[in-house]
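To start, the structure under review is shown below, and the notes come after it.
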DNA sequence: ATGAAAGCGCTAACAA
DNA sequence: TTGTTAGCGCTTTCAT
C-alpha cells in the first residue's frame, strides 16, 4: 500500500521555502507585497508539493466562500435548466461555484433551502421560484447576503431581478390574435397564485382584451397543468370552452394542447392558433412548429449572476430591475407570418 | 439604521446557558451524553438566539463538508438533468448539498472541475461525463474521496457506476428491427470516441447484425450531431444512405431525424422506423410518438447518489457495477406493438 | 517586503 | 455528564 500522501498545507509550503505563512498566503492571493525572488521560490514549492489551498479554511478565515446558492423549482424543466446554465457559466467565469437546490416551487422547501444555504455561508443567492410567499421574502430579507431573482419578479420590485416585460409580451401576443378576429382566446397559466402569472401574464392578456373592447371571461383562463400529461386533460377543458386560440405560458403544455387538438381531428392553425412563451426546443420539435415569445433564457440567468457578483462585491446597482428584450417568433401554429 | 445583528455563534449559546462549547456542540450534534435538563436549556437558548451552526467552521473542524460535487456535461440536456434530479433528491434526503459543474463533456474542463471541487473539500463526487479520458481518470483516482459514475461506465469497471446494460439494450432493439426485414439500419451515436457509444451501443448493434448474418457497414454509423439543428443536417446523410430504420442514442436527435424525413414526404413508420433511447418527453411529443428504450434516468441518479453515501460512510459495496433494468416502449414510430 | 500572532466557529480527544 | 484544550488551514491586522 502506497502511503496516503496527506494534502500539503500552507504550512508545509512555508516551511519548505523558509518563509512565514503570511508570505505564502500573499503569493497565493496575488498580493503585490512580495519580492519577485521570494514569489518564485514559493511558487516553485507550491508546484512541487502540489499544494492546493483548502477553500473551507479560507472561507472560515475570510468569510467569503466563493460559493453561491441557486434555488429553483426543478432542474428537469428546460426553462429553468437554461437559466441555470447562464448562471453557472457566469459564476464559473467569476470563480464562483453553485450549490443547487430543487424546491418544486414549494414555499416551505424554499425557506428550508435558503436557510440551509446560509448555513453553508454562501456569498449570494439566485432565486428562481415563480412564487415568492411572505415567509420566503422574510427569509430572503434577513439573509444578510444579496439575492437576485432570475426569470421572476417580486411585488413592488422589492428585490433585484432580471426577466422580460411579461405584461407587454402577453399583451402583444394577445392583441395580434384579437386582430385576426378571435373572440375566445384561452390563456393558459401555470398557477393562479404566483405573481408572474397573476400580476403579469394575466394583466397583459386582460389589457389586450380591454383595448379590443372584449369582456374578460375568467372561464377562459386555465391554470391547472404543469406537466405534459396534465396538459392533455386540461386541453379537453379548453376544447369544451370552444376557444379558437390559445396563449400558453409553457412549451410542454403548449405542445400538449397542440397534440390533443390534432389528435382529435382539429387543424392547426386553421381551427386553432397557438402561441407559447418559452421557445425551448419543444417549440421546434412539434408539427406544426409553435409560434413563441422568445425569452433570452440563458441571458436572463447570466445577467442575474452578473448582477449578483456586483452585489457581492458591494457595488451599487444603477438598475435593479432589468428587463431583457424578447422577440416574437412566428411559426406554423399561427396564421400570420 | 437597525444595528446588523451578528449571527450568534456556539459561544454565544454556551455563554447564555452557562455551559461549555462542548456541551452545546453535543446537543447540536445529537450526542447522547447530555442530561435532559441541560439539553432543554441549550435548545431554548439556541431557539432564542436563532443560532445556526456555521457549516464552514464545522467542515474545517470535522473534515466533512456534507457537500458533494456533480460533474456533468450540460444541465440543459434533459437526460442529464433527470439524472441530476435523482442525485439531488437523494442527496437532500441524506443532508448533502450538491455543487454543480457543467463541462460540455470537455475533458480539460472536467479535470479542472474535479480539482476545484476537491479544493472545496467535497465529500464525494458524482461524475456524468460519457467520456472518461486518462487525465480525468487520473484525477479521479487521486481524488481521495469516492466518485461514482451515473449513466456512464469506466473501462474495466474501474469505477463504481450505475447505468443500464447498453449492449443488450441496443442489441435487442436492433434485433427486433432486423426481424422485420430491415437490411440497412442506421445507428446514430453521439460520438465515436466515448466508451458508452463505442464499446457499448455500437457493440450491441454489431452483435445483432452478426447474429442475423448481416455484414457490418461503417457507413451506417453516424456520430456527428448533438443538437436538434445538427441532427437535421445529419438526417440528410442518413437519407443518402437509403436506410430503412434507425436506432438513435438521443431523443432530440431522433425527433430531428423523424421530422426531417416526414418533412421530406416520408411516412413513419411505413418508410422508416425509428427507435430512440432516452424516453424523455421529446419521445411523446413527436408525431408519431417515438418507440424508445426506457432508461430509469431518475433512478440511475438516485441509486448512484445512494452508493456514494455508502462510500462516504466508509461502507463496503457488495456490488460496484449496478445495472438497472430498462424497458422497451413501442410507440408509433415502429411497426410492431 | 516579511513575520508574528490572533482569530474565524466549530469538533474532538482527553480529563475530570 | 460536563469542561478544557488543542487544533482544522487559512486570512489579516499590526509590527518590524
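Residue numbers (full-length UniProt numbering), protein chains in the order written: chain X, 1 to 337; chain G, 1 to 337.
Yeah, the Cβ is synthetic: ideal placement off N, Cα and C, and Gly gets one too.
Kindly identify the DSSP beta-bridge partner or partners of residue i.
{"i": "residue 323 of chain X", "result": "X:163"}
{"i": "residue 21 of chain X", "result": "Residue 21 of chain X is not bridged to any residue."}
{"i": "residue 303 of chain G", "result": "Bridge partners of residue 303 of chain G: none, in fact."}
{"i": "residue 222 of chain X", "result": "X:188"}
{"i": "residue 149 of chain X", "result": "X:127, X:161"}
{"i": "residue 246 of chain X", "result": "X:186, X:274"}
{"i": "residue 328 of chain G", "result": "G:293"}
Cβ closer than 8 Å: which chain X residues qualify as neighbours of residue i?
{"i": "residue 284 of chain G", "result": "228"}
{"i": "residue 88 of chain G", "result": "75, 100, 101, 102"}
{"i": "residue 65 of chain G", "result": "56"}
What does residue i reach in chain G if we use C-beta pairs closer than 7 Å?
{"i": "residue 53 of chain X", "result": "119"}
{"i": "residue 81 of chain X", "result": "75, 76, 81"}
Show which residues of chain G have a CB atom less than 9 Å away from the CB atom of residue i.
{"i": "residue 287 of chain X", "result": "259, 262, 263, 286, 287"}
Name the chain X residues whose beta carbon is nearer than 7 Å to that of residue i?
{"i": "residue 60 of chain G", "result": "56, 57, 60"}
{"i": "residue 281 of chain G", "result": "228, 252"}
Report the neighbours of residue i on chain X: residues whose CB is nearer than 9 Å to its CB, in chain order.
{"i": "residue 85 of chain G", "result": "74, 75, 76, 102"}
{"i": "residue 38 of chain G", "result": "Correct list: empty, because the minimum Cβ distance to chain X is about 24 Å."}
Name the chain G residues that come within less than 8 Å of residue i, Cβ to Cβ?
{"i": "residue 116 of chain X", "result": "97"}
(message) Extract the residue ranges of the beta strand (DSSP E) inside the stretch 54–136 of chain G, only unbroken runs of 3 or more that lie entirely within it.
(response) 67–72, 97–102, 124–127, all fully within the stretch 54–136 of chain G.
(message) Whether or not the stretch 157–164 of chain G and the stretch 175–190 of chain G are in contact is what I'm after, with contact meaning three or more pairs of Cβ atoms, one per stretch, closer than 8 Å; do they touch?
(response) Judged by Cβ distances under 8 Å, the stretch 175–190 of chain G makes no contact with the stretch 157–164 of chain G, as fewer than three pairs qualify.
(message) By the 8 Å beta-carbon criterion, what residues does the stretch 306–327 of chain X contribute toward chain G?
(response) Residues: none.
(message) For the stretch 91–102 of chain X, list every residue whose C-beta sits within 8 Å of some C-beta in chain G, in sequence order.
(response) Residues of the stretch 91–102 of chain X that bring their beta carbon within less than 8 Å of a beta carbon in chain G comprise 92, 97, 98, 99, 100, 101, 102, in sequence order.
(request) May I have a chain-ordered list of the beta strand (DSSP E) segments no shorter than 3 residues that lie completely inside the stretch 252–301 of chain X? (result) Taking 3 residues as the shortest admissible run, the stretch 252–301 of chain X contains the following complete beta strand (DSSP E) segments, listed from N- to C-terminal end: 273–276, 291–294.
(request) Quick one: which residues of the stretch 236–258 of chain G get their C-beta closer than 7 Å to a C-beta of chain X? List them in chain order. (result) Result list: 252, 255.
(request) May I have a chain-ordered list of the beta strand (DSSP E) segments no shorter than 3 residues that lie completely inside the stretch 172–206 of chain G? (result) If we require 3 residues or more, the beta strand (DSSP E) runs fully inside the stretch 172–206 of chain G come out as 185–188.
(message) Does the contact criterion of 3 or more C-beta pairs under 8 Å hold for the stretch 321–329 of chain X versus the stretch 290–297 of chain X?
(response) Contact holds: three or more Cβ-Cβ distances are below 8 Å.
(message) If contact is defined by three or more beta carbon pairs under 8 Å, each pair taking one atom from either stretch, is the stretch 218–228 of chain X in contact with the stretch 236–253 of chain X?
(response) The answer is yes - the stretch 218–228 of chain X touches the stretch 236–253 of chain X, with three or more Cβ pairs under 8 Å.
(message) Whether or not the stretch 252–269 of chain G and the stretch 301–311 of chain G are in contact is what I'm after, with contact meaning three or more pairs of Cβ atoms, one per stretch, closer than 8 Å; do they touch?
(response) With a cut-off of 8 Å, the stretch 252–269 of chain G and the stretch 301–311 of chain G do not count as touching, because too few Cβ pairs lie within range.
(message) Pairs of beta-carbons, one from the stretch 75–93 of chain X and one from the stretch 45–54 of chain X, closer than 8 Å: are there three or more?
(response) With the cut-off at 8 Å, the stretch 75–93 of chain X and the stretch 45–54 of chain X do not touch.
(request) Count the C-beta pairs between the stretch 89–103 of chain X and the stretch 262–281 of chain X that are closer than 8 Å, then say yes if the count reaches three, no if not. (result) Because the criterion of three Cβ pairs below 8 Å is not met, the stretch 89–103 of chain X and the stretch 262–281 of chain X do not touch.
(request) Pair every Cβ in the stretch 171–183 of chain G with every Cβ in the stretch 115–125 of chain G, then say whether three or more of these pairs are closer than 8 Å. (result) When Cβ pairs closer than 8 Å are counted between the two stretches, the stretch 171–183 of chain G is seen not to touch the stretch 115–125 of chain G, the count staying below three.
(request) Decide if the stretch 145–154 of chain G is in contact with the stretch 211–218 of chain G; the criterion is three or more beta carbon pairs, one per stretch, under 8 Å apart. (result) By the C-beta criterion, the stretch 145–154 of chain G is judged not to be in contact with the stretch 211–218 of chain G, since fewer than 3 inter-stretch pairs fall below 8 Å.
(request) Spell out a yes or no on whether the stretch 123–139 of chain X and the stretch 191–200 of chain X are touching, meaning 3 or more CB-CB pairs, one atom from each, closer than 8 Å. (result) Pairwise C-beta distances place the stretch 123–139 of chain X in contact with the stretch 191–200 of chain X, as three or more of them are shorter than 8 Å.
(message) Is it the case that the stretch 232–245 of chain X contacts the stretch 281–292 of chain X, given that we only count it when at least three CB pairs across the two stretches are under 8 Å?
(response) Contact fails: fewer than three Cβ-Cβ distances are below 8 Å.
(request) Would you check if there are 3 or more beta carbon pairs closer than 8 Å linking the stretch 81–88 of chain X to the stretch 6–22 of chain G? (result) These segments do not touch.
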